[in-house]
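Student: The listed protein sequences correspond, in order, to chains V and G. Sequential numbering of the first sequence, starting at 1, is according to the working numbering. Sequential numbering of the second sequence, starting at 1001, is according to the working numbering. There's a structure below that I have some questions on.
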Amino acid sequence: MEHDSHDEFDMLLAREVRGLDREIQPDRNLWVGIARRIGDHPQRRWRGRERWLPYGVAASLAIAVTSLVLNLIGVVDTASPEQPMPSELTASLDQLGADHASRRAPMLATFRAVNASLDQNTRDELYRNLEIMARARSEIEAQVRDNPQDRELVSSLLRLQQWELRLLSEDYASPGNTL
Amino acid sequence: MIRDRNVSHRATGYLAICLLAWASSLALAGPETVDEQLVVTPGGLTSVQITRGSLSVVGWDRSEIHVEGALDEQVERFIFETRGDVTRIEVILPKPLEHRMLQRTTDLTIHMPSGSDLEVSGVSLAVGVSGVSRQVSVGVISGDINVRGGRGQIELQTVSGQIDLLGADGRIFMRSVSGDLLAREVEGEARYSTVSGRILIEAGSDDQTLESVSGDIDVRGEGIRHLRGQIVSGDIRFDGSLAPDASVALTTISGTVEMVLSGEVNGTFDVSTGSGRIRNHLTSDEPTRPQYGPGRSLRFKVSDAVSQVNLSARSGDVILTRSGVRGVSR
């Protein structure tokens, strides 16, 4: 029974990880437009760093999730709702939060630099929404700590983290880049 | 006499320089208006880049693109050219832009073949599209986007503007940061995503995924087959009917989930809440409490249909009711 539960949880998180980079491919050949835009907008130096960013984010997220899975599998099913949260799970969640923070900080710095030329209202709007996401993330983290047996909450937390990083990787200052 | 002739030559030279400078400044300033037309390959791509102003794109049944309207007062260059099957329309502004009060921003109307693809990008740009029966991609920062029609991949994105889509069919992606998303009479597979905007879907497609961090979600439709909606902090409401093999999952962490069903109600319902209440007005089934800890859950089945409905609110109520039932409030 316990083994089945582990497998189920493993599958849940595996599905979440698989879903992170899922995209629907466009029907038409976009290369003509892309090549033209590359020619029209010579690449700045920081873009070289940005190229590996999605892969870095995906890799570090996968590592974090794998780590979380390994920790939670041994912990969640033994936790009863009436018991306090096991220290192993607390440590795993702390680690997940720390990993996210360490990825988020440099991406936020890049985001600020890349989008510095936007008008003040738009920048305020973007940062206000990043705050909303950060608050929502804290809210879910708190819920996970209160309900350590709730796997759907863990999935929600991972999805929101990924969404937040995706937003931080956007370059809104170059028209067309976000398409 | 020779001296007078030299003075005269010098004056003529100054005058020529002044005229040249004036002509150069006019050339640099760019045109104020445009009214141009090009013959294009049917089924190609029309690519438009305008930093600010407004743009109206109208599909027509000619193999021509016609551009007409006013250009930004700071315009450096206007590009309207066709290479292969790609037609490029761009209003080039100086970089960096002068931030001052503007008397005139770009205001263009483009007529293009209805059977061509369209992509538009801009910053402070309001975009309206109608009569285009192929793929449409629009990405702006702060302008509103209104699209009527479109088939295939429809991708609409803004940071703070509102997106309004009517009558599209295909794979639809609508994304905003804080702008509201509205879609009506949409067919196909649709994905809607916003951080703090609201999502309102009327007569939506039978396959929809909706995602919001703090904006409310409101979906109305008949015969819905696949519906997945998630909010972290906000309310989510569905009003309509389900297909016999529907799969519905609506989840909020902090907020209310409400499902108002019309027509025949079938399927298995799995409902849960963490700290709120479950109000079931569909059947006489009562929610139960777990042996340990907070929360309530409810599971019931109506007829033998294969529909599956999952509704969940961590901190908030879940309401299930039939359309037209009075006395049920959120």
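Cβ atoms here follow ideal geometry from the backbone N, Cα and C, with glycine treated the same way.
Check this for me: beta carbons of G/Phe1269 and G/Phe1238, under 9 angstroms apart or not?
Tutor: Not in contact: G/Phe1269 and G/Phe1238 (Cβ atoms no closer than 9 angstroms).
Student: So which residues of chain V does G/Arg1077 contact, with C-beta pairs closer than 7 angstroms?
Tutor: None at all; the shortest Cβ gap to chain V is about 12 angstroms.
Student: How many Å lie between G/Val1219 and G/Gln1230 at the Cα?
Tutor: G/Val1219 and G/Gln1230: Cα-Cα distance of roughly 12 angstroms.
Student: Report the neighbours of V/Ala136 on chain G: residues whose CB is nearer than 7 angstroms to its CB, in chain order.
Tutor: Going along chain G in sequence order, the residues near V/Ala136 (Cβ under 7 angstroms) are Val1213, Ser1214, Val1232, Ser1233.
Student: Can you look up V/Thr122 in the DSSP assignment and give me helix, strand or coil?
Tutor: Reduced to three states, the DSSP call for V/Thr122 is helix.
Student: Count the other CB atoms, across all protein chains shown, that sit within 10 Å of the CB of G/Thr1306; report buried if there are 16 or more and exposed otherwise.
Tutor: Reading off the sequence shown, one finds Val at residue 1306 of chain G, where the question assumed Thr. Exposed is the call here.
Student: With distances taken from CA atoms, which of G/Gln1037, G/Gly1293, G/Val1318 is nearest G/Glu1286?
Tutor: Closest by alpha carbon: G/Val1318.
Student: Excluding the five sequence neighbours on either side, which residues of its own chain have a C-beta within less than 8 angstroms of the C-beta of V/Leu30, listed in chain order?
Tutor: Residue placement at V/Leu30 is poorly supported in this model, since its pLDDT is 48, which falls under 50; the coordinates are not used for a value here.
Student: Taking the continuous beta strand (DSSP E) assigned at G/Glu1036, which residues delimit it?
Tutor: Per DSSP, G/Glu1036 belongs to the beta strand (DSSP E) from 1033-1039.
Student: So, using beta-carbon positions, are G/Ser1393 and G/Val1186 closer together than 9 angstroms?
Tutor: The structure shown does not extend to residue 1393 of chain G, since chain G spans only 1001 to 1330, so no value can be given for it.
Student: Assign V/Leu110 to one of three DSSP states: helix, strand, or coil.
Tutor: Here the sequence assigns Thr to residue 110 of chain V, which means Leu is not the residue at that position. Helix, per DSSP.
Student: Between G/Leu1156 and G/Leu1320, what straight-line distance do the alpha-carbon atoms span, to the nearest angstrom?
Tutor: Rounded to the nearest angstrom, the two C-alpha atoms are 33 angstroms apart.
Student: Can you find the residues in the same chain that come closer than 6 angstroms, C-beta to C-beta, to V/Trp163, ignoring five residues on each side of it along the sequence?
Tutor: Contacts found: none.
Student: Could you work out which residues of chain G lie near V/Tyr127, taking near to mean beta carbons separated by less than 9 angstroms?
Tutor: Residues of chain G passing the Cβ test: none, with the nearest at roughly 10 angstroms.
Student: Residues in its own chain within less than 8 angstroms of G/Pro1042 by CB, not counting five upstream and five downstream?
Tutor: Ser1063, Pro1113, Gly1115, Ser1116.
Student: Helix, strand or coil: how does DSSP classify G/Tyr1192 here?
Tutor: DSSP places G/Tyr1192 in strand when its eight states are reduced to three.
Student: Check V/Arg47 in the structure and name its three-state DSSP category.
Tutor: The pLDDT assigned to V/Arg47 is 40, lower than 50, so where the model puts this residue is not dependable; a value taken from the coordinates is nonetheless given after this. Three-state DSSP puts V/Arg47 in a helix.
Student: Can you give, in chain order, each stretch of the beta strand (DSSP E) that sits fully within the stretch 1166-1244 of chain G and has at least 3 residues?
Tutor: Entirely contained in the stretch 1166-1244 of chain G, the beta strand (DSSP E) runs reaching 3 residues are, in chain order, 1169-1176, 1181-1184, 1187-1194, 1199-1202, 1207-1212, 1217-1233.
Student: Using CA atoms only, rank isn't needed, just tell me which of V/Ser174, V/Asn121, V/Ala116, V/Ile140 is closest to G/Thr1251.
Tutor: The shortest C-alpha separation from G/Thr1251 is found at V/Ile140.
Student: Assign V/Pro26 to one of two classes, buried (16 or more other C-beta atoms within 10 Å of its C-beta) or exposed (fewer than that).
Tutor: Per-residue confidence for V/Pro26 stands at a pLDDT of 46, beneath the threshold of 50, marking its modelled position as unreliable; no derived number is given.
Student: When you check each C-beta in the stretch 1180-1198 of chain G against every C-beta of chain B, which residues fall closer than 7 angstroms?
Tutor: Here chain B cannot be found, since the structure's protein chains are V and G.
Student: On the criterion of 16 or more Cβ atoms from any shown chain inside 10 Å, does G/Ala1126 qualify as buried, or is it exposed?
Tutor: When all chains shown are included, G/Ala1126 counts as buried.
Student: When you compare the CB positions of G/Gly1149 and G/Leu1055, do they come within less than 9 angstroms of one another, or not?
Tutor: Contact flag unset, no.
Student: Along chain V, which residues have their Cβ under 8 angstroms away from the Cβ of G/Gly1128?
Tutor: Within chain V, no residue comes near G/Gly1128; the closest Cβ sits about 18 angstroms away, beyond 8 angstroms.
Student: With a 10 Å radius around its C-beta and 16 neighbouring C-beta atoms as the bar for buried, classify G/Gly1324 as buried or exposed.
Tutor: Exposed, since its Cβ has fewer than 16 Cβ neighbours within 10 Å.
Student: Select from the stretch 102-121 of chain V all residues with a C-beta closer than 9 angstroms to any C-beta belonging to chain G, and list them in chain order.
Tutor: Going along the stretch 102-121 of chain V in chain order, one finds Ser117, Leu118, Asp119, Asn121 with a Cβ nearer than 9 angstroms to chain G.
Student: Which residues bound the beta strand (DSSP E) around G/Leu1261?
Tutor: 1257-1261 is the extent of the beta strand (DSSP E) around G/Leu1261.
Student: Just to confirm before moving on: does the CB-CB distance between G/Ile1172 and G/Ser1124 stay below 9 angstroms?
Tutor: No. Outside cutoff.
Student: Just to make sure I have the definition right: I need the residues of chain G whose C-beta is within less than 7 angstroms of the C-beta of V/Glu139. Which are they?
Tutor: Correct list: Val1232, Ser1233, Ile1253, Ser1254.
Student: Give the single residue among G/Gly1223, G/Leu1200, G/Trp1060 whose Cα lies nearest to the Cα of G/Ala1338.
Tutor: In this structure chain G extends from 1001 to 1330, so residue 1338 of chain G is not present and cannot be described.
Student: Under a CB-based cut-off of 9 angstroms, is G/Gly1150 close to chain V?
Tutor: So no, G/Gly1150 is outside the interface.
Student: Would you verify that the beta carbon of G/Gly1053 is, or is not, closer than 9 angstroms to some beta carbon of chain V?
Tutor: No, G/Gly1053 does not count as interfacial toward chain V.
Student: For V/Gln161, decide whether its Cβ has a neighbour in chain G, counting only Cβ atoms nearer than 9 angstroms.
Tutor: Output row for V/Gln161: interface = no.
Student: Give the secondary structure of V/Gln161 by DSSP, where H, G and I count as helix, E and B as strand, and everything else as coil.
Tutor: The answer is helix: DSSP assigns V/Gln161 an H, G or I state.
Student: Just to confirm my understanding: we take G/Glu1211, look at its own chain, exclude 5 residues before and 5 after, and list those with CB closer than 6 angstroms. What are they?
Tutor: Excluding residues within five positions, the ones whose Cβ falls inside 6 angstroms are Ser1193, Gln1230.
Student: Ignore the nearest five residues each way along the sequence and tell me which others in G/Leu1093's own chain have a CB closer than 7 angstroms to its CB.
Tutor: Cβ within range, chain order: Thr1051, Asp1072, Gln1074, Val1075, Glu1076.
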